[in-house]
Amino acid sequence: MARGHFISLEGIDGAGKSTQHGWLVEHLRGQGHTVVATREPGGTPLGEKLRALLLADPMHLETEALLMFAARREHIAQVIEPALARGDWVVCDRFVDASFAYQGGGRGLSWKKLEELAAWVLGDLQPDLTLIFDAPVAIAQQRLHAATSQPDRFEQEQAAFFERVRAAYLRLAAENPARVRLIDATQTPGAINKVLETIVATL
Numbered sequence: 250m251a252r253g254h255f256i257s258l259e260g261i262d263g264a265g266k267s268t269q270h271g272w273l274v275e276h277l278r279g280q281g282h283t284v285v286a287t288r289e290p291g292g293t294p295l296g297e298k299l300r301a302l303l304l305a306d307p308m309h310l311e312t313e314a315l316l317m318f319a320a321r322r323e324h325i326a327q328v329i330e331p332a333l334a335r336g337d338w339v340v341c342d343r344f345v346d347a348s349f350a351y352q353g354g355g356r357g358l359s360w361k362k363l364e365e366l367a368a369w370v371l372g373d374l375q376p377d378l379t380l381i382f383d384a385p386v387a388i389a390q391q392r393l394h395a396a397t398s399q400p401d402r403f404e405q406e407q408a409a410f411f412e413r414v415r416a417a418y419l420r421l422a423a424e425n426p427a428r429v430r431l432i433d434a435t436q437t438p439g440a441i442n443k444v445l446e447t448i449v450a451t452l
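Take any residue in the sequence shown, note its place counting from 1, add 249, and you have its number in the numbering used here.
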């Protein structure tokens, strides 16, 4: 059986990534694919417990990174790898690039440490396609404030934090042109849908 396809969606909070995640899952199912829709941190019972801690409890930045990768290891073992082995498509709301953007760019954790964790936890696994939804921080924060009445620990960060996160995402896009597609998230949802439809048709 042919191995399935793995797509990850990334972007700063408020860029519209999660909305497009739902649309893309339904689009692919409409094309006849079996799709596993999942997210990070989370995706497994243990991962969801770790997500609750990560989004609510203050902690040392290295503890935060280690918990993210612990949840990711479980997610890969229990959900992602089995689904790909079955030939399913996996569409994940955030994956390893989020750690480089948030813990690396936003928090300032060593990129080298993150690379070492990624090599240990992921092995050779990488998404076939990563969609990074990019929008100016001011626009993303306006959207976030309009949509969220109880922001989590990350959503409460200041604009300077998200500027660093966005810069890290742009660095990842520049360094991984074969895997990453940068999406202009200031477009209308319908316009973004059409862009995504064209991109995933090439997989």
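We put the beta carbon where it would ideally sit given N, CA and C, even for glycine. Note that this is a predicted model, so its numbers are computed, not measured.
Identity of the residues DSSP links to residue i by a beta bridge
i	result
Trp338	Val284
Val429	Thr379
Ser257	Cys341, Thr379
C-beta contact flag for residue i and residue j at 9 angstroms
i	j	result
Leu221	Asp401	Here the chain has residues from 250 to 452 only, and residue 221 is not among them.
Lys266	Leu378	no
Met308	Pro290	no
Gln327	Thr293	yes
Trp338	Asn442	no
Ser421	Ala350	Checking the sequence, you will find Leu at residue 421 rather than Ser. In contact: Leu421 and Ala350 (Cβ atoms closer than 9 angstroms).
Asp383	Arg415	yes
Lys362	Glu311	yes
Met250	Ala334	yes
Gly354	Ala264	no
Ile256	Leu452	yes
Val340	Val274	yes
Gly336	Thr283	yes
Glu404	His276	no
Leu358	Ile325	no
Buried or exposed (CB count within 10 angstroms, at least 16 for buried), residue i
i	result
Asp342	buried
Gly372	exposed
Ser348	buried
Glu406	buried
Ala409	exposed
Glu424	exposed
Gly296	buried
Glu364	exposed
Given residue i as reference, the closest of the options once Cα atoms are compared
i	options	result
Gln390	Asp262, Gly279, Trp272, Trp360	Asp262
Val386	Glu330, Asp346, Gly260	Gly260
Ile329	Leu302, Ala417, His254	His254
Gln352	Ala367, Val340, Val339	Ala367
Asp346	Leu452, Gly439, Leu258	Leu258
Arg321	Ala264, Gly336, Thr287, Gly279	Thr287
Arg252	Ala350, Pro376, Gly357	Pro376
Ala427	Ile448, Ile325, Phe411	Ile448
Phe344	Phe411, Arg356, Gly357, Val370	Val370
Arg356	Ala319, Glu365, Gln280, Phe411	Phe411
Leu299	Thr437, Ala319, Gln280, Gln399	Ala319
Near the ligand ATP: residue i beta-carbon under 8 angstroms from a heavy atom
i	result
Thr447	Among the components modelled here there is no ligand, and therefore nothing to report on the ligand ATP.
Checklist line | Cβ pair count under 8 angstroms reaching 3, the stretch 391 to 400 against the stretch 416 to 432 | finding: no
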